Ligand code: GLY
Ligand code: MN
Ligand code: MN
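Numbering (the numbering used here), first residue to last: 523 to 971.
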């Protein structure tokens, strides 16, 4: 099956105008509340390495990318004025050192009044003359790039935009289905490489080839962890040689389409049946959590429920004993599962707004004892989030249980058995619906066969 990831994809083109209307309405509200007349959204500029002339990979302003699928267009601006067609100041430098952006092309072009400029100085003439009525949204690390606009990222406006971004438009959902499909193709290639005995580095290369991404194009650094490396939550070392014995494989890798990410984790056993049975149990648990996702659910409750379910998995796997509440309260479940259940996903992998109670920016803290939970909101329609429970042997955390009431609840012999396998994480990307959900990841995997 060939998938159209291009910016001439007609299905995306059909959905895009409504997406722009939604963004316009959000900006109307943000500007009104901030008492401003124009939003000037800066795409960003590449960073230069210290004492060097080397440019780091360009990371665009996510606000800019949510307006237009232009992930490689530094020094450009979108000017939004309520009631008017947005202006895109499209920077196309005269530069013989680098490939410069081509002529604007794609489904997005019809929604903008596009002004191509070839020097930064030309930008000024396309900005509203009344700079005092403008706000800038973006990272301005050189004052000259604000062209005299003094209000940069005013909290009132930015909070409104961040809160609203939790729920995706139909266009964003369509793009994210594509990024899930792209990620699924990478995962299939990576699993095949693992089964053939490849090193972490070669599995990574197989993944990148399948998704057609260079490293900087990946939404985050791939976690390709064989054996005990699976216990390092953000393992990114990529050993160049395959281990003498292949036991397990944990892969946390995503893909992007038009700047929108997928974020997918799978864990595989190389043949050990006991480890496979534990993966199956975690997979079953992960799917039962996914099946609780719907509008109105408090994500903090889902996180705590996951700890209770995990306690039962630990007991069944003979990693721990005791009742679930005790294992939660004594910190046993947190030692095996020390990260959050998941986070909002979109134009950023950890999309902003996960802690916001409302558009004013009031923060909802994570439950006590669970500081790494990145989503504390009540779920709303068309949010896209991850569900990613895990179970790991992290000795640094398990050792902390020694000498506490938790110690006697842990079966240390089974911990020794599990240690060489590292751990298990299973992560899906899920769209919240009224009375239900859409599992973008499972659909993408199923569509491959
Ligand atoms: N891959 C980063 C995360 O799962 O949040
Ligand atoms: Mn992940
Ligand atoms: Mn994630």
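Even glycine gets a Cβ: it sits at the ideal position worked out from N, Cα and C.
Since we're looking at a predicted model, the values are computed, not measured.
- Query: Just the Cα atoms here: how many angstroms apart are residue 874 and residue 907?
  - Reply: In the chain shown, residue 874 corresponds to position 352, counting from 1. In the chain shown, residue 907 corresponds to position 385, counting from 1. Their Cα atoms are separated by approximately 12 Å.
- Which term fits residue 766, buried or exposed, when burial requires 16 or more other beta carbons within 10 angstroms of its beta carbon? Residue 766 sits at position 244 when you count from the first residue of the chain shown. Exposed, by the Cβ-count rule.
- What are the uninterrupted segments assigned as beta strand (DSSP E) that are 3 or more residues long and contained completely in the region 946–970, given in chain order? Counting only runs of at least 3 residues, the region 946–970 fully encloses the following beta strand (DSSP E) elements, listed from N- to C-terminal order: 950–955, 958–961.
- Item | Neighbourhood of ligand 1 [Cβ distance below 7 Å to any heavy atom], ordered by chain position | 742, 745, 774, 776, 785, 787, 865, 871, 872, 908, 910, 949
- Query: Roughly how many whole angstroms lie between the Cα atoms of residue 929 and residue 878?
  - Reply: Numbered from 1 along the chain shown, position 407 holds the residue referred to as residue 929. Numbered from 1 along the chain shown, position 356 holds the residue referred to as residue 878. Cα to Cα, residue 929 sits roughly 37 Å from residue 878.
- So is residue 862 buried or exposed if we call it buried at 16+ other beta carbons inside 10 Å? Residue 862 sits at position 340 when you count from the first residue of the chain shown. Buried, since its Cβ has 16 or more Cβ neighbours within 10 Å.
- Task: Tell me residue 842's beta-bridge partners as DSSP assigns them.
- Result: Here the question's residue 842 lines up with position 320 in the chain shown. Answer is 932, bridged to residue 842.
- Three-state secondary structure (DSSP) at residue 565? In the chain shown, the residue the question calls residue 565 occupies position 43. Residue 565: coil per DSSP, three-state reduction.
- Item | Minimum C-alpha distance to residue 821 - residue among 949, 898, 894 | In the chain shown, residue 821 corresponds to position 299, counting from 1. Nearest of 949, 898, 894 to residue 821, Cα basis: 898.
- Query: Among 668, 740, 856, 558, which has the Cα closest to the Cα of residue 781?
  - Reply: Reading the chain shown from its first residue, position 259 is the one you call residue 781. Measuring from the Cα of residue 781, the nearest candidate turns out to be 740.
- Task: Please state if the CB of residue 830 and the CB of residue 846 are separated by a distance shorter than 7 Å.
- Result: In the chain shown, counting from the first residue as 1, residue 846 sits at position 324. In the chain shown, counting from the first residue as 1, residue 830 sits at position 308. Contact: yes.
- Message: DSSP three-state label for residue 572, please.
- Response: Start at 1 with the first residue of the chain shown, and residue 572 comes out as number 50. When secondary structure is reduced to three states using DSSP, residue 572 falls in the coil class, being assigned neither helix nor strand.
- Query: In terms of alpha-carbon separation, which member of 675, 778, 566, 651 lies closest to residue 706?
  - Reply: Residue numbering aside, residue 706 sits at position 184 when the chain shown is read from its first letter. Closest by alpha carbon: 778.
- Taking the DSSP output, what are the residues bridged to residue 785? Within the chain shown, numbered from 1, the residue matching residue 785 stands at position 263. Per DSSP, none; premise fails for residue 785.
- Query: Is the Cβ-Cβ distance between residue 658 and residue 671 less than 7 Å?
  - Reply: One-based indexing of the chain shown puts residue 658 at position 136. One-based indexing of the chain shown puts residue 671 at position 149. Yes, Cβ-Cβ distance for residue 658 and residue 671 is below 7 Å.
- Decide if residue 690 is buried, meaning its Cβ has at least 16 other Cβ atoms within 10 Å, or exposed. As a first step, residue 690 must be located in the chain shown, where it is residue number 168. Result: buried.
- Query: In or out: residue 894 buried (at least 16 other Cβ within 10 Å) or exposed?
  - Reply: As a working note, residue 894 is residue 372 in the chain shown. Sixteen is the threshold: since fewer than 16 other Cβ atoms of the shown chains lie within 10 Å of the Cβ of residue 894, the residue is exposed.
- Query: Between the beta-carbon of residue 587 and the beta-carbon of residue 611, is there less than 7 Å?
  - Reply: On the chain shown, position 65 is the one that residue 587 refers to. On the chain shown, position 89 is the one that residue 611 refers to. No, they are not a contact pair.
- Item | Outcome for residue 757 when other beta-carbon atoms lying within 10 angstroms are tallied against a minimum of 16 | Stepping through the chain shown from its first residue, residue 757 is reached at position 235. Residue 757 should be labelled buried.
- Message: Which runs of the alpha helix (DSSP H) at least 4 residues long sit entirely within the region 674–699? Give them in chain order.
- Response: 677–686
- Query: Can you list, in chain order, the residues of its chain whose CB lies under 7 Å from that of residue 788, leaving out five sequence neighbours each side?
  - Reply: Position 266 of the chain shown, counted from the first residue, corresponds to residue 788. Residues of the same chain with a CB within less than 7 Å of the CB of residue 788, apart from the 5 flanking positions on each side, are 709, 773, 948 in chain order.
- Once you ignore the five residues that flank residue 751 on each side, which residues in its own chain have a CB closer than 7 Å to its CB? By one-based count along the chain shown, residue 751 stands at place 229. Taken in chain order, the residues that qualify are 757, 944.
- Query: Residue range of the alpha helix (DSSP H) that residue 753 falls in?
  - Reply: Looking up residue 753 in the chain shown gives position 231. For residue 753, there is no enclosing alpha helix (DSSP H), as DSSP gives it neither H nor E.
- Query: Are residue 743 and residue 655 close, meaning C-beta to C-beta below 7 Å?
  - Reply: Here residue 743 corresponds to residue number 221 of the chain shown, with the count starting at 1. Here residue 655 corresponds to residue number 133 of the chain shown, with the count starting at 1. No, the pair does not count as a contact, with Cβ atoms beyond the cut-off.
- Query: Would you call the CB atoms of residue 551 and residue 561 closer than 7 Å?
  - Reply: By 1-based counting over the chain shown, the position of residue 551 is 29. By 1-based counting over the chain shown, the position of residue 561 is 39. No; because the gap between Cβ atoms is not below 7 Å, this pair is not in contact.
- Task: Taking all protein chains shown into account, decide if residue 703 is buried (16 or more other Cβ within 10 angstroms of its Cβ) or exposed.
- Result: Here the question's residue 703 lines up with position 181 in the chain shown. That one is buried.
- residue 831, DSSP secondary structure in three states: Taking the first residue of the chain shown as 1, we reach residue 831 at position 309. Residue state, collapsed to three classes: helix.
- Grab the span of the alpha helix (DSSP H) containing residue 919 for me, first residue to last. What you label residue 919 is simply residue 397 of the chain shown in a count that begins at 1. That run of the alpha helix (DSSP H) goes 917–921.
- Message: Is the beta carbon of residue 529 closer than 7 Å to that of residue 497?
- Response: Residue 497 is absent from the structure shown; the chain starts at 523 and stops at 971.
- Query: Touch check for the region 658–668 and the region 536–548: three-plus C-beta pairs under 8 Å?
  - Reply: no
- Item | Beta-bridge pairing of residue 794 - partner residues as DSSP gives them | As a working mapping, residue 794 is identified with position 272 in the chain shown. Answer by DSSP bridge pairing: none, since residue 794 is not bridged.
- Any idea if residue 793 is buried or exposed, counting beta-carbon neighbours within 10 angstroms, 16 or more meaning buried? Stepping through the chain shown from its first residue, residue 793 is reached at position 271. The residue in question, residue 793, is exposed, as its Cβ has fewer than 16 Cβ neighbours within 10 Å.
- Query: With DSSP run on the structure shown, which of helix, strand or coil describes residue 535?
  - Reply: Taking the chain shown and counting its residues from 1, the one referred to as residue 535 is at position 13. In the three-state DSSP reduction, residue 535 falls in the helix class (H, G or I).
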